[in-house]
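Trainee:
Number of protein chains: 2
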Amino acid sequence: MTPHDHAAPFGTIDAELRIGGQPLSRLTARVGRTPFFAYDRGVLDTRIDELRSALPPQVELSYAMKANPMPAIVQHLSSRVDRIDVASAGEMQHALDTGIRPEKVSFAGPGKTPEEIRQAVAAGVIIEVESPTEIARVVAAGDALGVAPRVAVRVNPDFAVKDSGMRMGGGPQQFGIDAEHVPAFLAEWARRVEVVGFHIFAGSQNLNAEIIAEAQERTVDLVTTLAVHLPKPLRYLNLGGGFGIPYTERDRPLDLAAVAENLRRLVDGPIRDRFPEATPVIELGRYLVGECGVYVTRVIDRKTSRGKTFLVVDGGMHHQLAASGNFGQAIRRNYPVIVGNRIGAPSDAAGPVSVVGCLCTPLDLLADQMELPRADIDDLIVIFQQGAYGLTASPTAFLGHPAPAEVLV
Amino acid sequence: MTPHDHAAPFGTIDAELRIGGQPLSRLTARVGRTPFFAYDRGVLDTRIDELRSALPPQVELSYAMKANPMPAIVQHLSSRVDRIDVASAGEMQHALDTGIRPEKVSFAGPGKTPEEIRQAVAAGVIIEVESPTEIARVVAAGDALGVAPRVAVRVNPDFAVKDSGMRMGGGPQQFGIDAEHVPAFLAEWARRVEVVGFHIFAGSQNLNAEIIAEAQERTVDLVTTLAVHLPKPLRYLNLGGGFGIPYTERDRPLDLAAVAENLRRLVDGPIRDRFPEATPVIELGRYLVGECGVYVTRVIDRKTSRGKTFLVVDGGMHHQLAASGNFGQAIRRNYPVIVGNRIGAPSDAAGPVSVVGCLCTPLDLLADQMELPRADIDDLIVIFQQGAYGLTASPTAFLGHPAPAEVLV
Chain A
-16 MTPHDHAAPF GTIDAELRIG GQPLSRLTAR VGRTPFFAYD RGVLDTRIDE
34 LRSALPPQVE LSYAMKANPM PAIVQHLSSR VDRIDVASAG EMQHALDTGI
84 RPEKVSFAGP GKTPEEIRQA VAAGVIIEVE SPTEIARVVA AGDALGVAPR
134 VAVRVNPDFA VKDSGMRMGG GPQQFGIDAE HVPAFLAEWA RRVEVVGFHI
184 FAGSQNLNAE IIAEAQERTV DLVTTLAVHL PKPLRYLNLG GGFGIPYTER
234 DRPLDLAAVA ENLRRLVDGP IRDRFPEATP VIELGRYLVG ECGVYVTRVI
284 DRKTSRGKTF LVVDGGMHHQ LAASGNFGQA IRRNYPVIVG NRIGAPSDAA
334 GPVSVVGCLC TPLDLLADQM ELPRADIDDL IVIFQQGAYG LTASPTAFLG
384 HPAPAEVLV
Chain B
-16 MTPHDHAAPF GTIDAELRIG GQPLSRLTAR VGRTPFFAYD RGVLDTRIDE
34 LRSALPPQVE LSYAMKANPM PAIVQHLSSR VDRIDVASAG EMQHALDTGI
84 RPEKVSFAGP GKTPEEIRQA VAAGVIIEVE SPTEIARVVA AGDALGVAPR
134 VAVRVNPDFA VKDSGMRMGG GPQQFGIDAE HVPAFLAEWA RRVEVVGFHI
184 FAGSQNLNAE IIAEAQERTV DLVTTLAVHL PKPLRYLNLG GGFGIPYTER
234 DRPLDLAAVA ENLRRLVDGP IRDRFPEATP VIELGRYLVG ECGVYVTRVI
284 DRKTSRGKTF LVVDGGMHHQ LAASGNFGQA IRRNYPVIVG NRIGAPSDAA
334 GPVSVVGCLC TPLDLLADQM ELPRADIDDL IVIFQQGAYG LTASPTAFLG
384 HPAPAEVLV
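Residue numbers (our numbering), protein chains in the order written: chain A, -16 to 392; chain B, -16 to 392.
(1) For Leu128/B, count neighbouring Cβ atoms within 10 angstroms of its own Cβ and tell me buried if that reaches 16, exposed if not.
(2) Quick check on DSSP: helix, strand or coil for Gly252/A?
(3) Can a CB atom of chain A be found closer than 8 Å to the CB of Ile360/B?
(4) Contact criterion: CB-CB distance below 8 Å. Does Pro214/A meet it with respect to chain B?
(5) Considering only residues of the same chain and omitting the five flanking positions on each side of His182/A, which have a CB-CB separation below 6 Å?
(6) Am I right that Arg281/B and Val296/B are in contact with their C-beta atoms under 8 Å? What's the rounded C-beta distance?
(7) Excluding five sequence neighbours on each side, which residues of the same chain lie with their C-beta closer than 7 Å to the C-beta of Glu163/A?
(8) Judging by CA-CA distance, which residue of Asn191/A, Pro(-8)/A, Gly334/A is the nearest neighbour of Ala243/A?
(9) From what residue to what residue does the alpha helix (DSSP H) around Tyr270/A run?
(10) Please report the straight-line C-alpha distance between Gly224/B and Leu79/B, rounded to a whole angstrom.
(11) Evaluate the contact criterion for the stretch -6 to 10 of chain A versus the stretch 251 to 268 of chain A: three or more CB pairs, one atom per stretch, below 8 Å.
(12) For a contact meaning CB atoms closer than 7 Å, what does Met151/A contact in chain B?
(13) According to DSSP, which residues form a beta bridge with His182/A?
(14) Only counting the same chain, and skipping five residues up and downstream in sequence, which positions put a Cβ closer than 7 Å to that of Pro6/A?
(15) For His(-11)/A, count the other beta carbons within 10 Å of its own beta carbon; 16 or more makes it buried, fewer makes it exposed. Which is it?
(16) With a Cβ-Cβ cutoff of 8 Å, do Thr11/B and Val338/B count as a contact?
(17) For a quick check, are the C-beta atoms of Gly186/A and Arg150/A less than 8 Å apart?
(18) According to DSSP, Asn189/A sits in a beta bridge with which residue or residues?
(19) From Thr262/B, Gly94/B, Ala198/B, Gln41/B, pick the residue whose C-alpha is nearest to that of Phe158/B; which is it?
(20) Pop quiz: Ile109/A and Val179/A are said to be a contact at Cβ under 8 Å. What is the actual Cβ separation, rounded to whole angstroms?
(21) Val42/A bridges to which residues according to DSSP?
(22) Ala358/B: which of Phe310/B, Ser377/B, Gly327/B sits nearest, CA to CA?
(23) Expressed to the nearest angstrom, what Euclidean distance is found between the alpha-carbon atoms of Glu171/B and Val104/B?
(24) Entirely within the stretch 91 to 118 of chain A and at least 3 residues each: give me those beta strand (DSSP E) ranges in chain order.
(25) Please list the partners that Ile283/B has in chain A, where partner means a Cβ-to-Cβ separation under 7 Å.
(26) Can you check which of these residues, Gln76/A, Gly273/A, Ile31/A, is closest to Ser62/A by C-alpha distance?
(27) What do you reckon, are the CB atoms on Leu363/B and Gly323/B nearer than 8 Å?
(28) Using a C-beta to C-beta distance shorter than 7 Å, which residues of chain A count as neighbours of Ser114/B?
(29) Can you find at least 3 beta carbon pairs, one from the stretch 375 to 387 of chain A and one from the stretch 28 to 46 of chain A, that sit closer than 8 Å?
(30) Measure from the C-beta of Asp161/A to each C-beta in chain B and report whether the shortest distance is under 8 Å.
(31) Terminal residues of the continuous beta strand (DSSP E) containing Ser288/A?
(32) Indicate whether Arg24/A and Val336/A have their beta-carbon atoms separated by less than 8 Å.
(33) Does chain A have any CB closer than 8 Å to the CB of Asn317/B?
(34) Going by beta carbon distance, what residues of the same chain come within less than 7 Å of Arg325/A, once the five residues before and after it are set aside?
(35) Any idea which residues DSSP pairs Lys291/B with across the strands?
(36) Quick one, which of Tyr372/A, Leu239/A, Pro155/A has its alpha-carbon nearest His301/B's?
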């Protein structure tokens, strides 16, 4: 996808990107400073509508808030999705602040501390246990608090998902309990604490519908072999997510219809037949919020050095770790970048430019030799796909610059 | 260097690492929680003493506080080094809080905002200008405030430094003014604002004394050709730093004596002869503070998955971006890691272990298949070389965990 394609869902007004219905320059004036993250409520709601229309109605949507924990986003989504998944006690508190019922909150993560487990038991959320140590702590906390814990088992599947941005299942993993040990695990624990179901998640940021479909199918088969070891019928079936979004020019959007069609076949077939009491859950973070967000940063210098042109901006990798290529990427590729107040202008006749941040490190590279319209001091650079794993996944304190603003519009 | 070598400067007490004179377990109790960063004042002072004994007395030491801006560290160093280098107005405020005189503070960075430049002019620090745009802003701010700005020129040299961890000079760069344009730049500006000297810095994290010596030699030659374009004698000659520290087992410590010997030759020869009024400055961040710091994190789970053993700790990549391999490294290699309360114990008979953080991402890998003494829940994992580019260079807000503690002991 080209940067132009990424601008389309937002639209333009008078050669400026439109965000939250306003031209970029006016939104920038409203925010009062650069750099900032802006999340477009309309684009976000469109994504949810697309998902709701595509996915079978029995499927509940869970928001993995690690993707973007901004309170306004979490509050907005709390009434539009069915569940929230949290990755720490801190996230759990924010999720519960929205008013969502605790039984609609799941808590996953390989390193929950004993204190976090105690907090989660007290809150009454679904604790997705990932080891024998964890379930012992859950049971002890439940006994100490006089509360019956809600537990699901996170399973490390016996298959891997190809072509995922990050592989999180199959082979040896710190995540979950190996599928082959789940029967013995349930034999030991499932009569001491209620196990409502399973969470199986094999990989994230996948753009290939066929592979996601295959993973969901194998997940249902795996759960079929595991659920017979539960003393009660399966009620919670978290199939994970892993739906990717396109970042680079080489990426193509996920074929959501194909994923949904396969899911419908599973939900109306084996899931209904084998687990009539189960709620199937799809857990999405990046796919829900990633595309609604942009990062806006102002050009503060334009300089030429030995034949290369640099646009120096007031933001940088301290807010944009992934766009700088330092968040798990083996090879850095440009994210979609535009000059947000020069849409439709021809490419700079002077040739490609590099957009660099204000940090005193060569790592602070936001766009490498891109064809952009001629940009000068005070122009606004926009980076797309910034609604997920942007601000909180970046080293914001690095070099002591002020925190960026963040708005939901 | 092995992890054992890294423990040596700290010492041990009863099979525990000693930090700030205390056994690790007692320090952990004092801090009151894990994870935390601890910086050992004795190890830090030893490094300064080594530098002072090795370097010629005319050379002033500048602390590049971007490496570690903890206020107690900056305060401690402010009376032990001669200068502080800052990379933002935020850092500048903290540097001035120590009581250091503003003429001993330098402000470098390719993306200083107009507001930051105004603050720096008002403060009276040395502004290392990196572009024609910047100097125009400096002059305008000086006029508006009625203050004569202190300016040095950051030069992008016409040579590169091989084998640097990060190359920051030579070829096209966002840093500084290309050497070949400096004469014209000075012709335009050096009668409108006082230019005290130059800063030339070609690369950081270099472990090869010969290459650093060569860079310093070429820097002096370059300054010789540039200084003739100054209307007054050169007073400030910032030779940069770039002294590296060993992180992986393949790394060998820098031969400081060799660097110092070359520097003495330059200082007592060409620098004294050609620039009798100049103060030579060596600017160091990582080399000053990197080795005095450790990161301490507690084992909260030990699990085996398909033949691999994982120690899950309560810290992670949100505090350890570099150790996780996501801070500019092309290839991830293990940082020096020990079990801080089991020093001298034999390696785990069960084989190598991987230390993983508490985040729900496979990126959160702190040690990959290392031979460590048998460690279990509540043992303390220590990562060395954490005094520089640790906490502030990490995405601390990621997944909503509490910030780590930080102590200077």
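For glycine and all other residues, C-beta sits at the position ideal for the given N, C-alpha and C.
Mentor: Reading off the structure:
(1) Numbered from its first residue, the second sequence carries residue 128/B at position 145. By the 10 Å Cβ count, Leu128/B comes out exposed.
(2) Translated into positions along the first sequence, residue 252/A becomes position 269. Gly252/A falls in the helix class under three-state DSSP.
(3) As a first step, residue 360/B must be located in the second sequence, where it is residue number 377. Closer than 8 Å: yes.
(4) By 1-based counting over the first sequence, the position of residue 214/A is 231. Judged by the 8 Å Cβ criterion, Pro214/A is not in contact with chain B.
(5) By one-based count along the first sequence, residue 182/A stands at place 199. Result list for His182/A: Glu111, Ala135, Arg137, Asn221, in chain order.
(6) Against the second sequence, residue 281/B aligns to sequence position 298. Against the second sequence, residue 296/B aligns to sequence position 313. Yes, Arg281/B and Val296/B are in contact; Cβ-Cβ is about 6 Å, under 8 Å.
(7) In the first sequence, counting from the first residue as 1, residue 163/A sits at position 180. Hits under 7 Å: Asp141.
(8) Translated into positions along the first sequence, residue 243/A becomes position 260. It is Asn191/A whose Cα lies nearest to the Cα of Ala243/A.
(9) Here residue 270/A refers to the residue found at position 287 of the first sequence. Element bounds for Tyr270/A: 269 to 272.
(10) Against the second sequence, residue 224/B aligns to sequence position 241. Against the second sequence, residue 79/B aligns to sequence position 96. In this structure, the straight-line span from the alpha carbon of Gly224/B to that of Leu79/B is close to 22 Å.
(11) no
(12) To locate residue 151/A, count along the first sequence from 1; it is residue 168. Within chain B, the residues near Met151/A are Pro345.
(13) As a position in the first sequence, residue 182/A is number 199, starting the count at 1. Beta-bridge annotation (DSSP): His182/A is paired with Arg137/A, Asn221/A.
(14) Here residue 6/A refers to the residue found at position 23 of the first sequence. Within the same chain, and ignoring the five residues on either side of Pro6/A in sequence, the residues whose Cβ sits closer than 7 Å to its Cβ are Ile(-4), Asp(-3), Glu(-1).
(15) Along the first sequence, one-based indexing puts residue -11/A at 6. Label assigned to His(-11)/A: buried.
(16) For the purposes of this step, residue 11/B is taken as the residue at position 28 of the second sequence. For the purposes of this step, residue 338/B is taken as the residue at position 355 of the second sequence. No; because the gap between Cβ atoms is not below 8 Å, this pair is not in contact.
(17) By 1-based counting over the first sequence, the position of residue 186/A is 203. By 1-based counting over the first sequence, the position of residue 150/A is 167. Their beta carbons are under 8 Å apart, which means Gly186/A touches Arg150/A by this criterion.
(18) Indexing the first sequence from 1 puts residue 189/A at position 206. In DSSP, Asn189/A forms a bridge with Phe226/A.
(19) One-based indexing of the second sequence puts residue 158/B at position 175. With distances taken between Cα atoms, Phe158/B lies closest to Gly94/B.
(20) Within the first sequence, the letter at position 126 stands for residue 109/A. Within the first sequence, the letter at position 196 stands for residue 179/A. The Cβ separation is near 7 Å, so the contact holds.
(21) One-based indexing of the first sequence puts residue 42/A at position 59. Residue pairing for Val42/A: DSSP places it in no beta bridge.
(22) The count along the second sequence starts at 1 and reaches residue 358/B at position 375. Nearest of Phe310/B, Ser377/B, Gly327/B to Ala358/B, Cα basis: Gly327/B.
(23) The count along the second sequence starts at 1 and reaches residue 171/B at position 188. The count along the second sequence starts at 1 and reaches residue 104/B at position 121. Taking the Cα positions, Glu171/B is about 20 Å away from Val104/B.
(24) 109 to 112
(25) Locating residue 283/B in the second sequence gives position 300, counting from the first residue. Gly94, Thr96, listed in chain order.
(26) Along the first sequence, one-based indexing puts residue 62/A at 79. Ranking the options by Cα distance to Ser62/A, first place goes to Ile31/A.
(27) Start at 1 with the first residue of the second sequence, and residue 363/B comes out as number 380. Start at 1 with the first residue of the second sequence, and residue 323/B comes out as number 340. Yes, the Cβ-Cβ distance between Leu363/B and Gly323/B is below 8 Å.
(28) Within the second sequence, the letter at position 131 stands for residue 114/B. Residues of chain A passing the Cβ test: Asp284, Lys286.
(29) Remark: fewer than three beta-carbon pairs, one from each stretch, lie closer than 8 Å, so the stretch 375 to 387 of chain A and the stretch 28 to 46 of chain A are not flagged as touching.
(30) On the first sequence, position 178 is the one that residue 161/A refers to. Output row for Asp161/A: interface = yes.
(31) As a working mapping, residue 288/A is identified with position 305 in the first sequence. Here the beta strand (DSSP E) through Ser288/A covers 276 to 288.
(32) Counting from 1 along the first sequence, the entry for residue 24/A is found at position 41. Counting from 1 along the first sequence, the entry for residue 336/A is found at position 353. No; because the gap between Cβ atoms is not below 8 Å, this pair is not in contact.
(33) To locate residue 317/B, count along the second sequence from 1; it is residue 334. Asn317/B does not count as touching chain A.
(34) For the purposes of this step, residue 325/A is taken as residue 342 along the first sequence, with counting starting at 1. So the list reads Ala(-2), Pro356, Ala358, Asp362, once near-sequence residues are dropped.
(35) Walking along the second sequence from the start, residue 291/B turns up at place 308. Ser288/B.
(36) In the second sequence, the residue the question calls residue 301/B occupies position 318. Looking at the Cα atoms, Tyr372/A is the closest of the given residues.
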